[in-house]
Amino acid sequence: MLLDTHVLAWFLFQPKNIGKDLARRFDRIGQAFFSPLSIFELSQVERKLGYQLPEDLIKVIESFGLSELPLYGSHSMQAKRFGTLLNTDSIDRLLISQAGSEGMNFYTADRRLLSLDFAWIKDATI
6 MLLDTHVLAW FLFQPKNIGK DLARRFDRIG QAFFSPLSIF ELSQVERKLG
56 YQLPEDLIKV IESFGLSELP LYGSHSMQAK RFGTLLNTDS IDRLLISQAG
106 SEGMNFYTAD RRLLSLDFAW IKDATI
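Laid out in structure tokens, this is it:
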């Protein structure tokens, strides 16, 4: 499973926001993935969100049992599958392309992404 940036932030700073379904799956599997795109996104909005990112952010994330999923050109090419998101956040399109290309569930709280009705895009709040 791949975590949306906001869900990754919850793991780090607000674990109570994580839904029971995601928490159970993570406990059972013991591993989830984050994207380098999320690291970029967190670094861009840390002040806005009121977070203070640690200097060793990657190590901290990995200490939670999360692993980095590399971003490949093939992931980027799959972004065209999500044409309904064309005029929205490019990072969201790339994140779901990355998950979809790898056959992973993608956990998000973003209603816009959940409304795409792909079975593998999961609600991280339930």
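Following this note's numbering, the numbering of the sequence shown begins with 6 at its first residue and continues without gaps. Built from N, CA and C at the ideal position, the CB exists for glycine as well.
Among R116, T93, R30, the one whose alpha carbon lies nearest that of M109: Numbered from 1 along the sequence shown, position 104 holds the residue referred to as residue 109. Comparing Cα positions, the closest option is R30.
When H80, V12, I63 are compared against E73, the one with the closest alpha-carbon: Counted from its first residue, the sequence shown places residue 73 at position 68. With distances taken between Cα atoms, E73 lies closest to I63.
Using a threshold of 8 Å, state whether the C-beta atoms of S48 and L13 are closer than that. As a working note, residue 48 is residue 43 in the sequence shown. As a working note, residue 13 is residue 8 in the sequence shown. Not in contact: S48 and L13 (Cβ atoms no closer than 8 Å).
State yes or no: is the C-beta of L71 within less than 8 Å of the C-beta of F16? Position 66 of the sequence shown, counted from the first residue, corresponds to residue 71. Position 11 of the sequence shown, counted from the first residue, corresponds to residue 16. The answer is yes: Cβ separation under 8 Å.
Euclidean distance between Cα positions of E51 and Q57: Within the sequence shown, residue 51 is the residue found at index 46, counting from 1. Within the sequence shown, residue 57 is the residue found at index 52, counting from 1. Near 6 Å, if we compare the C-alpha coordinates of Q57 and E51.
Check each candidate in E107, H11, T113, L90 and name the one with the smallest Cα separation from K53. In the sequence shown, counting from the first residue as 1, residue 53 sits at position 48. The candidate whose alpha carbon is nearest that of K53 is H11.
From G24 to R98, what distance separates their C-alpha atoms? By 1-based counting over the sequence shown, the position of residue 24 is 19. By 1-based counting over the sequence shown, the position of residue 98 is 93. Approximately 23 Å, taken between the alpha carbons.
Would you identify the three-state DSSP class for E73, choosing helix, strand or coil? On the sequence shown, position 68 is the one that residue 73 refers to. E73 falls in the strand class under three-state DSSP.
Who are D128's beta bridge partners in DSSP? Against the sequence shown, residue 128 aligns to sequence position 123. D128 is bridged to T113.
Best match in T113, I131, W125, G35 for proximity to S68 [C-alpha to C-alpha]: Stepping through the sequence shown from its first residue, residue 68 is reached at position 63. The shortest C-alpha separation from S68 is found at G35.
Per-residue DSSP class, three states only, for L8: Here residue 8 refers to the residue found at position 3 of the sequence shown. Strand, per DSSP.
May I have a chain-ordered list of the alpha helix (DSSP H) segments no shorter than 4 residues that lie completely inside the region 38–63? 41–54
Sub-8 Å separation of I96 and F87 beta-carbons: Mapped onto the sequence shown, residue 96 falls at position 91. Mapped onto the sequence shown, residue 87 falls at position 82. No, they are not a contact pair.
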